[in-house]
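According to mature numbering (1 follows the signal peptide of the UniProt record, and there is no 0), the stretch in the sequence shown is residues -29 to -1, 1 to 110, in order.
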Amino acid sequence: MKAMHKLIRNGCLLMSGTVLILLLTESAGVRVDFLTKQFCTGACWAAPITNGPICEANSAIIGSPGHTVAYTIDVGGNAKTLVCCDGRGYNDQQEEQWYGIDCAYDTLRNFVPWGSVAAIPAIRCYGTPFGSALKFRCG
């Protein structure tokens, strides 16, 4: 229930590759729009040497049995920083787990288990030897 409350508060749900955007208004109730979109997005900071903050995406994903989430992370700048990231996922007991995505100088890509969970994808990353700004997509 806590995850669903956060989904509605943040205003977006990603369901089977289609975003259900809930535009909540204080006085008029709820307006629902359907848009085709294949991924959620976010931005993050990879701190030097140690994990930076947990950065959540701009929308949530509602999974199903066996569902996986693809993360693609683009490293900003040209300082030759090696960035390593973990992605939020869920095990068979629907418990949050952090799964290694990859380490790279430019683009990181991988899938993590998601299953039958409604939640917001997130990443946490670190850079070596420097920190770096990141942009990510998930879906």
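Note that CB positions come from ideal geometry on N, CA and C, so glycine has one too. Predicted model only: the values in this text are computed from it and were never measured.
Kindly indicate which residue of the options has the alpha-carbon position closest to the one of residue i.
i     : options                   : result
Thr21 : Phe101, Lys106 and Gly110 : Phe101
Trp69 : Val46, Tyr42 and Lys51    : Tyr42
Locate the beta strand (DSSP E) running through residue i, then write down its first and last residues.
i      : result
Gly106 : According to the sequence provided, residue 106 is Lys. The question's Gly does not apply to it. It spans Ser103 to Cys109 - the beta strand (DSSP E) in which Lys106 sits, taken as one unbroken run.
Gly86  : From DSSP, Gly86 is part of no beta strand (DSSP E); its letter is neither H nor E.
Gln68  : Glu67 to Ala75
Gly13  : Cys11 to Pro19
Gly58  : Leu53 to Tyr61
Ile91  : First-last for Ile91: undefined, no H or E at that position.
I'd like to know if residue i contacts chain B, where contact means its C-beta is closer than 8 Å to some C-beta of that chain.
i     : result
Thr43 : The question asks about chain B, but that chain is absent: this structure has only one protein chain.
How would you label residue i, buried or exposed, when you count the other beta carbons within 10 angstroms and need 16 or more for buried?
i     : result
Ile72 : buried
Ala90 : buried
Phe10 : buried
Gly37 : exposed
Gly34 : buried
Ile44 : buried
Pro92 : buried
Pro24 : exposed
Gly98 : buried
Phe82 : exposed
Should the stretch 17 to 31 be called in touch with the stretch 60 to 68, which here means at least 3 C-beta pairs below 8 Å?
Judged by Cβ distances under 8 Å, the stretch 17 to 31 makes no contact with the stretch 60 to 68, as fewer than three pairs qualify.
Counting Cβ pairs, one atom from each stretch, are 3 or more of them under 8 Å apart for the stretch 68 to 78 and the stretch 26 to 33?
Contact fails: fewer than three Cβ-Cβ distances are below 8 Å.
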